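See below for the structure under consideration.
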Amino acid sequence: MRLAIYIRSVESARGAERVAANLARGLAARSHHVDFLIEEEGGWLTSELRAHHPTINVINLRQFGTRPVCEGLARAAVFARHLIAAPAALLRGRGGCIRPVARLLCNDAPPIASLRRYLIEARPQAILSFLNYPNTVLLLTTALVGTDTRFVVSVRNHMSVAAANTDSRWVRSVPCLMRRLFCRADAVIAPSQGVADDVRAITGLPAERIAVVYNPVFRPEVLALADEPIDHPWLVAGNEPVVLGAGKFKPQKDFGTLLSAFARVRAARPARLIILGDGRERAGLEMMARDLGIAADVDFPGQVQNPYAFYRRASVFVLSSVWEGLPNALIEAMACGCPVVSTNCPSGPAEILDCGRYGALVPTGAVDQMANAILATLARPPERAAMIDRARKFSLDEAVSGFEAVLAGG
Numbered sequence: 023m024r025l026a027i028y029i030r031s032v033e034s035a036r037g038a039e040r041v042a043a044n045l046a047r048g049l050a051a052r053s054h055h056v057d058f059l060i061e062e063e064g065g066w067l068t069s070e071l072r073a074h075h076p077t078i079n080v081i082n083l084r085q086f087g088t089r090p091v092c093e094g095l096a097r098a099a100v101f102a103r104h105l106i107a108a109p110a111a112l113l114r115g116r117g118g119c120i121r122p123v124a125r126l127l128c129n130d131a132p133p134i135a136s137l138r139r140y141l142i143e144a145r146p147q148a149i150l151s152f153l154n155y156p157n158t159v160l161l162l163t164t165a166l167v168g169t170d171t172r173f174v175v176s177v178r179n180h181m182s183v184a185a186a187n188t189d190s191r192w193v194r195s196v197p198c199l200m201r202r203l204f205c206r207a208d209a210v211i212a213p214s215q216g217v218a219d220d221v222r223a224i225t226g227l228p229a230e231r232i233a234v235v236y237n238p239v240f241r242p243e244v245l246a247l248a249d250e251p252i253d254h255p256w257l258v259a260g261n262e263p264v265v266l267g268a269g270k271f272k273p274q275k276d277f278g279t280l281l282s283a284f285a286r287v288r289a290a291r292p293a294r295l296i297i298l299g300d301g302r303e304r305a306g307l308e309m310m311a312r313d314l315g316i317a318a319d320v321d322f323p324g325q326v327q328n329p330y331a332f333y334r335r336a337s338v339f340v341l342s343s344v345w346e347g348l349p350n351a352l353i354e355a356m357a358c359g360c361p362v363v364s365t366n367c368p369s370g371p372a373e374i375l376d377c378g379r380y381g382a383l384v385p386t387g388a389v390d391q392m393a394n395a396i397l398a399t400l401a402r403p404p405e406r407a408a409m410i411d412r413a414r415k416f417s418l419d420e421a422v423s424g425f426e427a428v429l430a431g432g
């Protein structure tokens, strides 16, 4: 099959970006021709995918050669059709979502004409979009395309909780856009049952239109990457135990709770904390560590290309998120044999850990319970082999089979 994957960028190489890249490689390995559609260049993942040409063809829609006037006309046509359909959508209780669509078309200027041209010229059997912006752009573009391409969107987060816990006007508008536009999709893919249930509650789509496909996280290469040397003085055998966190520094990840919990762990025993990642909250988190008196035992190395080497050498990985879709970092840590502690947030951790069988689950924001779970895990760590075996459930092979079936219409 000729298949297309549409994501805005993979420059950050975070969870959804790595899932999209892993999926492209997995589909190409099964002899599918994969067009990987992006809007922004940059990052090692983009270079890696380009190295797979011609089985993976990376196409930058912003450099597709479509004239600006055509893009402007396409955006105007999409908005006109959306505006005409809005009253009927309101009567059906789906919400007109006029302002969010207008802001997206004006502020982001999505390459709708280029996407339409690609779909008409390439005629892929199916196209899969990743994340809220590409999902919205793809479903708006369907109004201008008359091909028999199968349109599949992928929701990566529990959007009800995300919209209720953000200052972002865009994120708050996503549930409205889902109610209005998801009826145009042939199928919706969710990374966990919790996200699937949330999509159904938001959109009213029948269960048979929503498929749960776990993320393609566990790959044989992960074990080799985990064994690569690492240049960090705290991760040397015989040193104090290291607690590890990872993710973008934003409210969703709630690293403040992790810092507070670690301060209580540090008061009870020697330990150190490393948090991988970066973001706008970094300065505030560094200040919080100083205020808690733990700055000497906390390190923020930034974004790293090989987090697996950190997972392998850490004593425990902690996920402190308020919400997720299916947290890749939790699975990646387990794939490297690292014991884990996680918040029981919506959605994903309970499914990954089998309701606490493979790692402690604590309520979101519960500092004392998180500290106690970390201390208990450090005192009595589980067998690393059990962590690795559980992570195999989220393998690339199983995920590719799941995505492949949905894209084929099965």
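Per this note's numbering, residue 23 is the first one in the sequence shown, and the count goes up by one each step. All C-beta atoms, glycine included, are put in the ideal place defined by N, C-alpha and C. Computed from a predicted model, the values in this text were never measured in an experiment.
Bridge-paired residues (DSSP) for residue i
| i | result |
| --- | --- |
| phenylalanine 58 | Ile27 and Val80 |
| valine 384 | Thr365 |
| phenylalanine 173 | Ile149 |
| valine 240 | Per the sequence presented here, residue 240 reads as phenylalanine, with valine not at that position. DSSP, once it has assigned bridges, lists Ser417 as partnering phenylalanine 240. |
Same chain only: Cβ atoms within 6 Å of residue i, ignoring 5 sequence neighbours per side
| i | result |
| --- | --- |
| arginine 40 | none |
| arginine 335 | Leu257 |
| alanine 382 | Val363 and Ala395 |
| serine 151 | Tyr28, Asn157, Leu160 and Val175 |
| phenylalanine 86 | Ser136 |
| histidine 254 | none |
| alanine 218 | Ala212, Ile232 and Val234 |
| glycine 37 | Asn350 |
| tyrosine 155 | Arg30 |
| alanine 393 | Ala283, Arg286 and Val287 |
| serine 195 | Pro122 |
| arginine 414 | Phe240 |
Three-state secondary structure (DSSP) of residue i
| i | result |
| --- | --- |
| aspartate 219 | helix |
| phenylalanine 322 | strand |
| phenylalanine 86 | coil |
| serine 417 | strand |
| proline 228 | coil |
| glutamate 63 | coil |
| valine 32 | coil |
| valine 344 | coil |
| alanine 99 | helix |
| alanine 430 | helix |
| cysteine 1 | Not covered by the structure: residue 1. The range shown for the chain is 23 to 432. |
| glycine 168 | coil |
| alanine 246 | helix |
| proline 251 | coil |
| arginine 206 | helix |
| cysteine 360 | coil |
| histidine 75 | coil |
Spatial neighbours of residue i in its chain, beta-carbon cut-off 8 Å, leaving aside the 5 residues before and after
| i | result |
| --- | --- |
| glutamine 147 | Met23, Arg24, Leu25, Thr171, Arg172, Leu429 and Ala430 |
| glutamate 61 | Arg30, Ser31, Asn82, Leu83, Arg84, Pro132 and Pro133 |
| proline 273 | Asn187, Thr188, Glu303 and Val344 |
| alanine 311 | Leu281, Ala317 and Val320 |
| threonine 164 | Phe173 and Arg206 |
| proline 361 | Ser337, Val338, Phe339, Gly381, Thr399, Pro403, Pro404, Arg406 and Met409 |
Endpoints, the alpha helix (DSSP H) within which residue i is located
| i | result |
| --- | --- |
| alanine 212 | Counting along the chain, alanine 212 falls outside any alpha helix (DSSP H), though it belongs to the beta strand (DSSP E) covering 209-212. |
| alanine 407 | 406-413 |
| asparagine 350 | 350-357 |
| phenylalanine 332 | 330-335 |
| leucine 137 | 134-144 |
| threonine 163 | 154-163 |
| threonine 399 | 389-401 |
| glutamate 373 | 371-374 |
| alanine 43 | 37-51 |
| isoleucine 120 | 120-125 |
| serine 195 | 191-203 |
| valine 183 | 181-186 |
Residues of its chain near residue i, where Cβ-Cβ distance is below 7 Å and the 5 sequence neighbours each way are ignored
| i | result |
| --- | --- |
| methionine 105 | The identity of residue 105 in the sequence shown is leucine, whereas the question assumes methionine. Correct list, in chain order: Ile120. |
| leucine 113 | Bear in mind that the predicted position of leucine 113 carries a pLDDT of just 47, short of 50, making it too unreliable to give a figure here. |
| glycine 209 | The sequence given here has alanine at residue 209, not glycine. Result list for alanine 209: Val174, Arg231, Ala233 and Val428, in chain order. |
| threonine 225 | Met200, Arg201 and Phe204 |
| glutamate 250 | Asn328 and Ala331 |
| leucine 290 | Note that residue 290 is alanine in the sequence shown, not leucine. Once the five neighbours on either side are set aside, the close Cβ partners of alanine 290 are Leu397. |
Boundaries (first-last residue) of the beta strand (DSSP E) holding residue i
| i | result |
| --- | --- |
| phenylalanine 339 | 338-341 |
| isoleucine 232 | 232-234 |
Any non-hydrogen atom of the ligand NAD within 7 Å of residue i CB
| i | result |
| --- | --- |
| leucine 45 | Looking for the ligand NAD in the displayed structure turns up nothing, as the structure carries no ligands at all. |
- Task: May I have a chain-ordered list of the beta strand (DSSP E) segments no shorter than 3 residues that lie completely inside the region 257-324?
- Result: 264-268, 294-298 and 320-324
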